[in-house]
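Peer 1: Protein chains in written order, with the working numbering: chain A, 3 to 341; chain B, 1196 to 1521.
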Amino acid sequence: MANGPLLEVQNLETHFKTQDGVVKAVNNVSFHVDRGETLGIVGESGSGKSVTALSIMRLIPNPPGKIAGGKMLFDGENLLDLSEPEMRDIRGNRISMIFQDPMTSLNPVLTIGRQITESLELHMKMTPREASNRAVELLGMVGIPSAARRLDDYPHQFSGGMRQRVMIAMGLSCSPELLIADEPTTALDVTIQAQILELIKRLQREIGMAVIIITHDLGVVAGMADRVVVMYAGRMVEEGVTQEIFENPRMPYTIGLLRSIPRLDESSDRRLTPIRGLPPDLIALPEICPFSPRCDYFVAGKCDAQTPPLRNVGPDHRAACLFDITLQTPIPETAVEAV
Amino acid sequence: MATTIPSTQANAAPEIPLRAPRSLWSDAWRRLRKNVAAMASIIVIILFVLMAIFAPQLSRFSPITQTANNSLRQPFWIKTNSPTTTGLPQHILGTDAIGRDIFSQLMYGTRVSLIVGFIPQVIVLLIGVPIGLISGYAGGRVDNLLMRITDIVYAFPDVLFVITLTTALRETFLGQAFNGLLLIFIALSIVGWTGLTRLVRGQVLSLKEKEFIEAARAVGVPTSAILFKHILPNCLAPLIVSVAFGVPGAIIAEAFLTFLGTGMRPSTDINAPFPTSWGAMLLDGYNNLSSGPWYLLFPALCVGILTMAFTFLGDGLRDALDPRGQ
C-alpha cells in the first residue's frame, strides 16, 4: 500500500454543457482524505458537493457532464486514467457510495437480499449461498432485526430509516476503503438521523474505512467529521480541522453559515442571521470572489477584482478570502444598511 | 398463595404468524384473481390449450379424412329429410363440403391459432426488447439510429407487407415449412416488434434516471446486468400487458391471411400436426355459405371467443399490474 492520503483530488474540474452555456459545477477543487478519517464536505444546494462525489465515482452522466480536468489519486492511482471495467472493479468494492434518498435508491422489484448479494457476487466472487449468509451478517451489523427473514422482503416493506440501513449494508458489503455518503440523512427525521450517523461512525471504526460525508447540515459535520471542506459555487472556500472551522471560521461564507444556525453553547437570545441574496449563476461566473455579492465584508475594488485563492490562515487551515476576517470582525455599517 | 406464577413455558410469547414477503407479482395475482372476466378468460384459454394438445385423443375423426356421401352434413341438432345431410350424433358440428368432420377440424385448428398467437410474440419480444433497452439506455446517436429504423418499419403498411411477403415467398422452402406457418411467424414478427420497442424504450428512458439505477452503477454493476437485471424487471408489467394484447392480434392476422389464401396451407398428410386452421375453415365456410351458415359460424365463433379471452385477460392483467390505472 502506498503511503500518503487514500484519496487526493487535485484541481478537479467538472463541467456540464447546457443550452445556456457551460456550467462549471466543480471548479478547481483540491482536497485529500487520509485513511480512516472522516472528511465533511459542506455547502448549500448547487455548490458542487454531490457533483464532486459523483466525479470521484466517475458517475457523471456524459453527456452533458464531463470531468474537464484535474487528477483524482486513489491509493496513488489516477481514477481518471482507468478504463470503465477497471473503474467498475473499484466502485462498490474499494469506494462505495450511499445516496441521499433511501426511498428511491432501492430497486422496487428486487428483494433486499438480491440487491445486497449482487455486489458480493460481483466483487468478492462469492457463491450465492456465501453471499446470502454474508448479507444476513451485514443486515445484522446495520441493526435490522431477524435479518435472515427479511432477505426476501421487498423495499416497500421497509421504513425510510430501515432502507437507509439497507443502503449502508450494501455500501459496506465489500468492506470499502472509502465510503462516500451523499447527504445520507437528509431524507430522514432527526432521531433516525442520529441513529444512522451513529451507525456510520461505529462501522467506520470497525472496518477502518475513510468516509466522505456530504451534507448541508453543519450539525452533522460537527458530530462526524475530522476535517471539513466548505464549498461555494463549485469552489472550495475553506478547509480545515472541524474544531478550527467551527471556532475560528475565516471565510465570510462559513461565518454566515454558522450565524444562520442556532448553537446549543450560546445564549438563546441571539438572533439568527441568514445570508442575504442567492448563490450566483455558475454559467457566467466572472473572475471575482463568488461570494462577494452576498458578503457583509465586501470591499469594492478588491473582492471584485480577482478570485481569491485559498491561502493558509492557520495550521492546516486554508480559506479563500483576501482579508483576515474572523467571527469577531465587526460587520461594516454599509453592509448592514444594505440589508 | 392464591396467585400462581405461570411457568415460563406457558408465558412464552404466542407465535404470531408472520406475513409472507409479498412481491409485486403475488399482489398482482391477488388482484387478478378477483377479476371475474380475467379468471373466466384464463379458464377458456386453458380449455383451448387442452383441446389443442389432446386433439388426436378428443376427436373421433381425422380432420382430413374425406368420407363419401357424408358432405355438408348439418350439426347434430338439425334434422333434414335427406339421409346424407341430416345431423348425426357422431358428427357433432356436421361435416364440410368434402366430408370432413368439422369438430375435429376446429380442435386441430386451435393448435395453429394458439401457436400463431404465441410464437410471433416470443420473436417480437426477442427483437423488440433488446432494441428498446439499448436504444433507451444508450441514448444519443445509437438511440437516434435505432429509433429511425423503428420508425421506418412502423410507417410501412404492415398488412400490405405481410401479404406481399407471404405471397412472394409462398413457393420457396421458407413458405412451405410447417404448412406455411414459419413464413407467417416471420412476417408477423417483422412488422410486430416496433410497438414493443417503443414501449420498452419509453420505460427505460424514465427508469434510467431513477436513483436506484445510479445506485446500481455505484456498486459497479456492469451495463448489461443493469439493463437485464435492474431495468427489465421494472418494465415487465407493461410488457406482459402488451403481449397479452398482441396474442389476439396475431390470431386474427393468421385467420385473416389464411382466409385470403396467403397464409397457412391446409395439409392432406394424415400425420401432419397442423392439418388445418380456423382461417382455412373460414375460407371453406365462406365458399359453402349457401349450404348453411354453420361452416362459417363455428370457426368464426372460435376465433371470437379465443381473442376475446385474451383481450379480457390483457385487460385484467393491466388492472392487476398497475393498480393506479383503475
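Quick reminder that beta carbons are idealized off the backbone N, C-alpha and C, glycines included.
According to DSSP, simplified to helix, strand and coil, what is I247 of chain A?
Peer 2: As a working note, residue 247 of chain A is residue 245 in the first sequence. The answer is helix: DSSP assigns I247 of chain A an H, G or I state.
Peer 1: Does the CB of N1339 of chain B have a neighbour CB from chain A at under 8 Å?
Peer 2: One-based indexing of the second sequence puts residue 1339 of chain B at position 144. No - not a single Cβ of chain A is within 8 Å of the one on N1339 of chain B.
Peer 1: Using a cut-off of 8 Å between C-beta atoms, extract the partners of A1413 of chain B located in chain A.
Peer 2: Along the second sequence, read from residue 1 onward, the residue named residue 1413 of chain B stands at position 218. The answer, in chain order, is M59, L61, R93, G94, S98, M99, F101.
Peer 1: In or out: W1489 of chain B buried (at least 16 other Cβ within 10 Å) or exposed?
Peer 2: Locating residue 1489 of chain B in the second sequence gives position 294, counting from the first residue. With 16 or more Cβ atoms within 10 Å of its Cβ, W1489 of chain B is classed as buried.
Peer 1: Are there three or more Cβ pairs, one per stretch, closer than 8 Å when the region 1405-1423 of chain B is compared with the region 1373-1391 of chain B?
Peer 2: Judged by Cβ distances under 8 Å, the region 1405-1423 of chain B makes no contact with the region 1373-1391 of chain B, as fewer than three pairs qualify.
Peer 1: At what residues does the alpha helix (DSSP H) containing L1 of chain A begin and finish?
Peer 2: In the structure displayed, chain A extends from 3 to 341; residue 1 of chain A sits before or after that span and is not available.
Peer 1: Go ahead and label R207 of chain A buried or exposed: buried means 16 or more other beta carbons lie within 10 angstroms of its beta carbon, across all protein chains shown.
Peer 2: Within the first sequence, residue 207 of chain A is the residue found at index 205, counting from 1. Counting Cβ neighbours within 10 Å, R207 of chain A comes out exposed, since fewer than 16 surround it.
Peer 1: For A55 of chain A, collect the residues of the same chain with a Cβ closer than 8 Å to its Cβ; drop the 5 residues on either side in sequence, then sort them by chain order.
Peer 2: Taking the first sequence and counting its residues from 1, one reaches residue 55 of chain A at position 53. Closer than 8 Å at the Cβ level, and outside the excluded window around A55 of chain A, lie I43, M99, I182, D184, I214, I216.
Peer 1: Quick test of the definition: if touching needs 3 or more C-beta pairs under 8 Å, does the region 226-240 of chain A touch the region 47-67 of chain A?
Peer 2: Short answer: they touch.
Peer 1: Answer yes or no: do V1244 of chain B and L1320 of chain B have a C-beta to C-beta separation smaller than 8 Å?
Peer 2: Here the question's residue 1244 of chain B lines up with position 49 in the second sequence. Here the question's residue 1320 of chain B lines up with position 125 in the second sequence. Result no, Cβ atoms of V1244 of chain B and L1320 of chain B do not sit closer than 8 Å.
Peer 1: Using a Cβ-Cβ distance cut-off of 8 Å, determine whether H1147 of chain B contacts chain A.
Peer 2: Missing from the structure shown is residue 1147 of chain B; chain B here goes from 1196 to 1521 and no further.
Peer 1: Answer yes or no: do P1391 of chain B and V1324 of chain B have a C-beta to C-beta separation smaller than 8 Å?
Peer 2: What you label residue 1391 of chain B is simply residue 196 of the second sequence in a count that begins at 1. What you label residue 1324 of chain B is simply residue 129 of the second sequence in a count that begins at 1. At residue 1391 of chain B the sequence reads Leu, which differs from the Pro that was named. Yes, Cβ-Cβ distance for L1391 of chain B and V1324 of chain B is below 8 Å.
Peer 1: Skipping 5 residues on each side, what residues in its chain have a beta carbon closer than 6 Å to that of V231 of chain A?
Peer 2: For this step, residue 231 of chain A is matched to residue 229 along the first sequence. Within the same chain, V231 of chain A has close Cβ partners F33, I43, M238, E241.
Peer 1: Residues of the region 156-183 of chain A in Cβ contact with chain B at a cutoff of 8 Å, in chain order, please.
Peer 2: Within the region 156-183 of chain A, the qualifying residues are Y156, Q159, M169, M172.
Peer 1: Taking only three categories from DSSP, how would you classify A1197 of chain B?
Peer 2: Within the second sequence, numbered from 1, the residue matching residue 1197 of chain B stands at position 2. Note that A1197 of chain B has pLDDT 49, beneath the 50 cutoff, so the model's placement of it is unreliable and no number is given.
Peer 1: Would the beta-carbon of R296 of chain A fall within 8 Å of that of I327 of chain A?
Peer 2: By 1-based counting over the first sequence, the position of residue 296 of chain A is 294. By 1-based counting over the first sequence, the position of residue 327 of chain A is 325. No; because the gap between Cβ atoms is not below 8 Å, this pair is not in contact.
Peer 1: If distances are taken between C-alpha atoms only, which option among A:D36, A:N30, A:P66 comes closest to P310 of chain A?
Peer 2: Counting from one through the first sequence, the residue named residue 310 of chain A turns up at place 308. If we check each option's Cα against that of P310 of chain A, A:N30 comes out closest.
Peer 1: I'd like to know if A270 of chain A contacts chain B, where contact means its C-beta is closer than 8 Å to some C-beta of that chain.
Peer 2: As a first step, residue 270 of chain A must be located in the first sequence, where it is residue number 268. The question names Ala, but residue 270 of chain A is Ser in the sequence shown. No, because no Cβ of chain B sits closer than 8 Å to the Cβ of S270 of chain A.
Peer 1: Using only the alpha-carbon positions, how far apart do H218 of chain A and P186 of chain A sit?
Peer 2: Numbered from 1 along the first sequence, position 216 holds the residue referred to as residue 218 of chain A. Numbered from 1 along the first sequence, position 184 holds the residue referred to as residue 186 of chain A. One C-alpha to the other measures close to 11 Å.
Peer 1: Quick one: is T1199 of chain B buried, meaning 16 or more other Cβ sit within 10 Å of its Cβ, or exposed?
Peer 2: Reading the second sequence from its first residue, position 4 is the one you call residue 1199 of chain B. With a pLDDT of 49 at T1199 of chain B, under the threshold of 50, the modelled position of that residue is not reliable, and no figure is offered here.
Peer 1: Please report how far the alpha carbon of A1363 of chain B lies from the alpha carbon of G1444 of chain B, in whole angstroms.
Peer 2: Taking the first residue of the second sequence as 1, we reach residue 1363 of chain B at position 168. Taking the first residue of the second sequence as 1, we reach residue 1444 of chain B at position 249. Going from the Cα of A1363 of chain B to the Cα of G1444 of chain B covers about 23 Å.
Peer 1: Report yes if the C-beta distance between G1367 of chain B and T1457 of chain B is below 8 Å; otherwise report no.
Peer 2: Stepping through the second sequence from its first residue, residue 1367 of chain B is reached at position 172. Stepping through the second sequence from its first residue, residue 1457 of chain B is reached at position 262. It should be pointed out that residue 1367 of chain B corresponds to Thr in this sequence rather than to Gly. Contact flag unset, no.
Peer 1: Mind listing the chain B neighbours of S107 of chain A? Cutoff is C-beta to C-beta under 7 Å, in chain order.
Peer 2: By one-based count along the first sequence, residue 107 of chain A stands at place 105. Those are E1406, F1407, A1410, listed as they occur along chain B.
Peer 1: With a threshold of 8 Å, are at least 3 pairs of Cβ atoms found where one atom belongs to the region 153-170 of chain A and the other to the region 132-144 of chain A?
Peer 2: The region 153-170 of chain A vs the region 132-144 of chain A: in contact.
Peer 1: Is there at least one Cβ from chain B nearer than 8 Å to R90 of chain A's Cβ?
Peer 2: As a first step, residue 90 of chain A must be located in the first sequence, where it is residue number 88. Judged by the 8 Å Cβ criterion, R90 of chain A is in contact with chain B.
Peer 1: S1462 of chain B and F1454 of chain B look like a contact to me (Cβ under 8 Å); what is the Cβ gap, rounded to whole Å?
Peer 2: As a first step, residue 1462 of chain B is located in the second sequence; it is residue number 267 there, counting from the start. As a first step, residue 1454 of chain B is located in the second sequence; it is residue number 259 there, counting from the start. About 17 Å separates the two Cβ atoms, so there is no contact after all.
Peer 1: Just to confirm my understanding: we take I146 of chain A, look at its own chain, exclude 5 residues before and 5 after, and list those with CB closer than 8 Å. What are they?
Peer 2: The residue you call residue 146 of chain A lines up with position 144 of the first sequence. Same-chain partners within the cutoff: R152, M164, R167, V168, A171.
Peer 1: From Q330 of chain A to K73 of chain A, what does the alpha carbon distance come to, in whole angstroms?
Peer 2: In the first sequence, residue 330 of chain A corresponds to position 328, counting from 1. In the first sequence, residue 73 of chain A corresponds to position 71, counting from 1. Cα to Cα, Q330 of chain A sits roughly 37 Å from K73 of chain A.
Peer 1: Any residues in the region 1416-1445 of chain B with a beta carbon nearer than 7 Å to a beta carbon of chain A? Which ones, in chain order?
Peer 2: Going along the region 1416-1445 of chain B in chain order, one finds V1416, P1417, H1425, P1428, N1429 with a Cβ nearer than 7 Å to chain A.
Peer 1: Could you please give the first and the last residue of the uninterrupted alpha helix (DSSP H) stretch that includes T1361 of chain B?
Peer 2: The residue given as residue 1361 of chain B occupies position 166 in the second sequence. Run containing T1361 of chain B: 1353-1363, per the alpha helix (DSSP H) assignment.
Peer 1: Along the region 1368-1380 of chain B, where does the CB come closer than 9 Å to a CB of chain A? Name the residues.
Peer 2: From the region 1368-1380 of chain B, no residue has a Cβ closer than 9 Å to chain A.
Peer 1: Run through DSSP, which three-state label would R273 of chain A get?
Peer 2: Within the first sequence, the letter at position 271 stands for residue 273 of chain A. R273 of chain A falls in the coil class under three-state DSSP.
Peer 1: Can a CB atom of chain A be found closer than 8 Å to the CB of L1219 of chain B?
Peer 2: The residue you call residue 1219 of chain B lines up with position 24 of the second sequence. L1219 of chain B counts as touching chain A.
Peer 1: According to DSSP, is A189 of chain A part of a helix, a strand, or is it coil?
Peer 2: Position 187 of the first sequence, counted from the first residue, corresponds to residue 189 of chain A. A189 of chain A: coil per DSSP, three-state reduction.
Peer 1: Within 10 Å of its beta-carbon, does S1384 of chain B have 16 or more other beta-carbons around it, so buried, or fewer, so exposed?
Peer 2: Against the second sequence, residue 1384 of chain B aligns to sequence position 189. By the 10 Å Cβ count, S1384 of chain B comes out buried.
Peer 1: How about K19 of chain A: is its C-beta nearer than 8 Å to some C-beta of chain B?
Peer 2: One-based indexing of the first sequence puts residue 19 of chain A at position 17. Closer than 8 Å: no.
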